[in-house]
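The next block holds one structure in the form of structure tokens; read it before the comments.
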Amino acid sequence: MVDEAPNIVCKGLTKYYGRTRGIEGLNLEVGRGEIFGFLGPNGAGKTTTIRMFMGLLRPTNGSATIMGMDTWAKSTPIKSHVGHIPDDVSLYDNLHVHDLLEYIDRFRPGPDPLRGELTERLDLDVKKKVKSLSRGNRQKVAIILAMMHDPEILILDEPTLGLDPLMQQEFYSILGEFKDRGHTVFLSSHILSEVERACDRVGIVKEGRLVDVRAIEELRQNKIRHMDVLFTNYVSPDEFQKLPHVISVEELNSHMRITIKGDIDALIKQIALHQVEDLTFTQPSLEDFFMSFYGQPGGQSESESA
Amino acid sequence: MGSPEGKVNLNLLRRSIADKRISILVYALGVSAYAVFILAIWPSLRTNMETLNQLWESYPESIRKAFGGENMVFATFDGFLSVEYFNQMWVIVMIAFCVSIATGAIAFEIEKGTMELLLAQPISRRSILITRHLFFELGLLFLIAATLIPIAVGAPLASADLNYSGLLAMIVPSFLFFTAIGSMTFFFSSLFNSRGVAIFVALGIIIFFYALDILAKINDTISNVHFLSLFYYWDPYRYLHNASFAWTDLAVLAVISILTTACAIIWFERRDIAV
Chain D
2 MVDEAPNIVC KGLTKYYGRT RGIEGLNLEV GRGEIFGFLG PNGAGKTTTI RMFMGLLRPT
62 NGSATIMGMD TWAKSTPIKS HVGHIPDDVS LYDNLHVHDL LEYIDRFRPG PDPLRGELTE
122 RLDLDVKKKV KSLSRGNRQK VAIILAMMHD PEILILDEPT LGLDPLMQQE FYSILGEFKD
182 RGHTVFLSSH ILSEVERACD RVGIVKEGRL VDVRAIEELR QNKIRHMDVL FTNYVSPDEF
242 QKLPHVISVE ELNSHMRITI KGDIDALIKQ IALHQVEDLT FTQPSLEDFF MSFYGQPGGQ
302 SESESA
Chain P
540 MGSPEGKVNL NLLRRSIADK RISILVYALG VSAYAVFILA IWPSLRTNME TLNQLWESYP
600 ESIRKAFGGE NMVFATFDGF LSVEYFNQMW VIVMIAFCVS IATGAIAFEI EKGTMELLLA
660 QPISRRSILI TRHLFFELGL LFLIAATLIP IAVGAPLASA DLNYSGLLAM IVPSFLFFTA
720 IGSMTFFFSS LFNSRGVAIF VALGIIIFFY ALDILAKIND TISNVHFLSL FYYWDPYRYL
780 HNASFAWTDL AVLAVISILT TACAIIWFER RDIAV
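In order, the protein sequences belong to chains D and P.
Quick note on numbering: the first sequence equals residues 2 to 307 in this note's numbering.
Quick note on numbering: the second sequence equals residues 540 to 814 in this note's numbering.
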């Protein structure tokens with residue numbers, strides 16, 4: 002994936018707030034044209050990392066560079082190439098949306114090329130006052146502010162927070178177009194499905210440490226999911242137990258819960274041999290995900306913890 | 540478009556003016572209205588000039604020192620203006636302006652989270668602070684003008700015997716005195732994450748300076764530390780009556796302004812922005 006000089010490089014990046022750990026020893030490279038997911042539970046150190054990328058926090062140790070420039074020492078020139086959505090969006094409430102967009106626009110030379118298009122696609126009313134906007138609409142404003150100048154690098158912290166599913170879909174589509182133009186996206190999230198949907202690779206962070214970096218395809222193939230099936234007639238659990246990738250089959254009242262890790266093709270075909278009344282296929286929680294990958298919720302692999 | 544490093548950013552300056560224009564106009568209206576009020580009551584007071592002077596002279600020497608200087612002639616327009624306006628209400632309003640603008644410039648934006656949006660743009664921290672400081676100084680000049688112009692225009696109408704050179708001599712010391720107070724507050728604004736804390740600390744120190752000034756004037760035992768108070772360098776009666784000021788006072792105020800602004804910049808550039 003990293004076929005040219007990487008756009009984002011972290012070397013031993015560490016941040017402590019006094020004695021409190023933010024992130025520790027982060028080594029990472031994100032290439033041009035890549036959407037990189039930074040996945041971890043709340044408090045794992047994702048926002049700390051992003052704040053160091055944005056030059057808001059000075060690293061305690063190590064360094065981060067964006068386009069070859071140190072994120073602390075060269076914070077200002079970096080911003081010409083970066084768009085950012087913070088985890089907790091704060092806007093100037095006294096302004097109208099149009100005035101806010103215009104104001105931020107003027108920090109860069111020339112008009113922002115994507116402002117009109119993004120406003121239209123995200124269906125945002127720019128005549129409203131910022132303070133009257135709903136949570137979702139504020140997030141739309143944050144997205145437009147980050148993307149309207151078509152930055153080469155996007156640094157996004159929980160970017161779909163508050164967006165309805167339709168808008169999330171549109172947002173992922175816009176992200177895809179950024180990637181197609183060769184731009185780099187660093188996206189932090191605690192939602193596995195979001196990362197899976199949007200990213201090429203994912204870095205998994207837990208308790209301040211990067212525990213793994215994997216291609217999204219590998220992630221898909223290895224995650225544990227639960228399928229709840231309601232058959233019209235009785236079906237024996239044994240016929241699913243023997244299928245490849247099936248981990249366990251339980252009978253729960255009238256439903257059958259099948260836990261599977263990896264490819265679901267054989268399972269779907271077996272289910273299709275019967276008459277099905279209902280079927281739910283749930284996404285795993287982050288804790289399930291850590292369990293499936295590392296055998297324990299702490300996020301360390303068995304070999305690491307041994 | 541201001542350059543990224545250390546220069547005034549015109550976009551930010553324009554926005555700051557637009558955001559605070561109502562607030563500054565209210566301050567300007569306040570200082571002008573009070574100046575007009577002083578002018579309006581002067582004609583009735585000047586007829587009792589002797590009584591006023593006797594009243595002033597009857598105060599203990601320490602009180603006279605504390606509120607205008609022992610040699611001040613209260614029953615002149617200069618004296619009356621110094622005691623009743625430039626040593627009291629005007630100072631309070633101008634300090635409120637300084638603290639409000641300086642703490643709003645940095646600490647409030649950090650507390651509210653909008654500093655993160657601002658710093659996501661290609662503008663340096665130094666440029667933000669310098670631009671906001673310039674905005675503060677422009678506001679200060681506007682308020683000084685809003686105070687002095689009505690006095691200059693209204694004095695003949697109120698039959699006030701105004702020393703116009705004295706009024707002109709007010710401009711530079713006033714600007715430097717309040718710039719020093721504002722610059723000091725800018726430092727606290729860059730130091731703290733909370734506007735409330737920055738206001739508390741800044742006002743605490745200003746009140747300490749004021750108390751030290753009063754005490755040093757009435758108590759000879761601490762008069763040798765009088766120079767530590769910023770108010771030591773503020774003498775409106777001298778400016779108005781003598782149309783003069785001490786260059787050393789102005790130099791001290793300028794040095795305090797430069798040093799505290801430099802400290803604010805250095806601290807703001809090195810600190811973490813996290814609420």
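Heads up, the beta-carbon is just placed ideally off N, CA and C, and yes, glycines get one too.
Here the structure is a predicted model, which is why all the values come from computation and not from measurement.
- Query: Hey, does residue 540 of chain P have any beta-carbon neighbour from chain D nearer than 9 Å?
  - Reply: In this prediction, residue 540 of chain P has a pLDDT of 40, which is less than 50 and means its spatial position is unreliable; nothing more can be read from the coordinates.
Q.
Using beta carbons (cut-off 9 Å, strictly below), is residue 767 of chain P in contact with chain D?
A. No - not a single Cβ of chain D is within 9 Å of the one on residue 767 of chain P.
>> Measuring only the C-alpha atoms, how far is residue 300 of chain D from residue 291 of chain D?
In response: Reliability of the predicted coordinates at residue 300 of chain D is poor, the pLDDT of 46 falling under 50, and no value is obtained from them.
*asked:* Looking at residue 203 of chain D: is its Cβ nearer than 9 Å to the Cβ of residue 217 of chain D?
replied: Yes.
Practice task
State the Cα-Cα distance for the pair residue 46 of chain D and residue 210 of chain D, rounded to the nearest angstrom.
Solution key: Taking the straight line joining both Cα atoms gives about 8 Å.
Report the rounded CA-to-CA distance for residue 161 of chain D versus residue 678 of chain P, giving the unit in angstroms. Cα atoms of residue 161 of chain D and residue 678 of chain P: separation of roughly 41 Å, rounded to the nearest angstrom.
Listed in chain order, which residues of the segment 109-140 of chain D have Cβ atoms closer than 8 Å to some Cβ of chain P?
Result list: 109, 110.
Check: Which partner residues of residue 21 of chain D appear in the DSSP bridge assignment?
Finding: In the DSSP assignment, residue 21 of chain D is bridged to D:18.
Please check if any C-beta of chain P sits within less than 9 Å of the C-beta of residue 90 of chain D. Residue contact check for residue 90 of chain D against chain P: a CB pair falls below 9 Å.
Please name the residue in D:98, D:35, D:70, D:159 whose C-alpha comes closest to that of residue 42 of chain D.
-> Of all alpha-carbon atoms in D:98, D:35, D:70, D:159, the one lying nearest the alpha-carbon of residue 42 of chain D is that of D:159.
Which stretch, first to last residue, makes up the beta strand (DSSP E) that contains residue 215 of chain D? Per DSSP, the unbroken beta strand (DSSP E) holding residue 215 of chain D starts and ends at 210-216.
Whose C-alpha, out of P:692, P:603, P:620, P:654, is nearest the C-alpha of residue 90 of chain D? Among P:692, P:603, P:620, P:654, the Cα nearest to that of residue 90 of chain D is on P:654.
- Query: Considering only the beta carbon of each residue, do residue 139 of chain D and residue 163 of chain D sit closer than 9 Å?
  - Reply: It is a contact, given that the beta carbons lie within the stated cut-off.
- Query: Does any residue of chain P bring its CB to less than 9 Å from the CB of residue 85 of chain D?
  - Reply: So, interface residue.
### Task
Taking a Cβ distance cut-off of 8 Å, strictly less, list which residues of the segment 630-658 of chain P are near chain D, in chain order.
So the close ones are 651, 652, 653, 655, 656, 658.
Here's the rule I'm using: 16 or more other beta-carbon atoms within 10 Å means buried, otherwise exposed. How should residue 660 of chain P be labelled? The residue is buried, with at least 16 neighbouring Cβ atoms inside 10 Å.
Next on the checklist: Just to check my reading of the structure: residue 82 of chain D and residue 36 of chain D have Cβ atoms closer than 8 Å, yes? What is that Cβ distance to the nearest angstrom?
Outcome noted: Actually they do not touch by this definition, with Cβ atoms about 17 Å apart.
**Item:** Boundaries (first-last residue) of the beta strand (DSSP E) holding residue 65 of chain D
**Value:** Judged by DSSP secondary structure, residue 65 of chain D falls within the beta strand (DSSP E) whose first and last residues are 62-67.
Closer than 7 Å, Cβ to any Cβ of chain D: which residues of the segment 656-682 of chain P, in chain order? Going along the segment 656-682 of chain P in chain order, one finds 656, 658, 659, 660, 661, 662, 663 with a Cβ nearer than 7 Å to chain D.
Only counting the same chain, and skipping five residues up and downstream in sequence, which positions put a Cβ closer than 7 Å to that of residue 179 of chain D? Excluding residues within five positions, the ones whose Cβ falls inside 7 Å are 155, 186.
Exercise for the section: Tell me where the alpha helix (DSSP H) around residue 103 of chain D begins and ends. Expected result: Annotation for residue 103 of chain D: the continuous alpha helix (DSSP H) segment containing it runs 98-106.
### Query
Using DSSP with H/G/I as helix, E/B as strand and the rest coil, what is residue 720 of chain P?
Helix, per DSSP.
Buried or exposed: residue 190 of chain D, going by 16 or more other Cβ atoms within 10 Å of its Cβ? Classification for residue 190 of chain D: buried.
At the 9 Å Cβ level, is residue 95 of chain D part of the contact set with chain P, yes or no? Interface residue, yes.
Practice prompt. Answer with buried or exposed for residue 698 of chain P, where buried requires no fewer than 16 other C-beta atoms within 10 angstroms of its C-beta.
Written response: Exposed.
Residues near residue 689 of chain P in its chain [Cβ-Cβ closer than 7 Å; skip 5 each side]
Cβ within range, chain order: 571, 574, 575.
* Going straight from the alpha carbon of residue 256 of chain D to that of residue 244 of chain D, what length do you get? -> Roughly 18 Å separates the two Cα atoms.
How about residue 58 of chain D: is its C-beta nearer than 9 Å to some C-beta of chain P? Among the CB atoms of chain P, one or more fall inside 9 Å of the CB of residue 58 of chain D.
Check your understanding: Do the segment 773-792 of chain P and the segment 634-641 of chain P meet, that is, are 3 or more Cβ pairs less than 8 Å apart?
Key -> Fewer than three pairs of CB atoms, one per stretch, sit closer than 8 Å, so the segment 773-792 of chain P makes no contact with the segment 634-641 of chain P.
Over what stretch of residues does the alpha helix (DSSP H) that includes residue 381 of chain D continue unbroken?
In the structure as shown, chain D begins at 2 and stops at 307. Residue 381 of chain D is therefore absent and cannot be evaluated.
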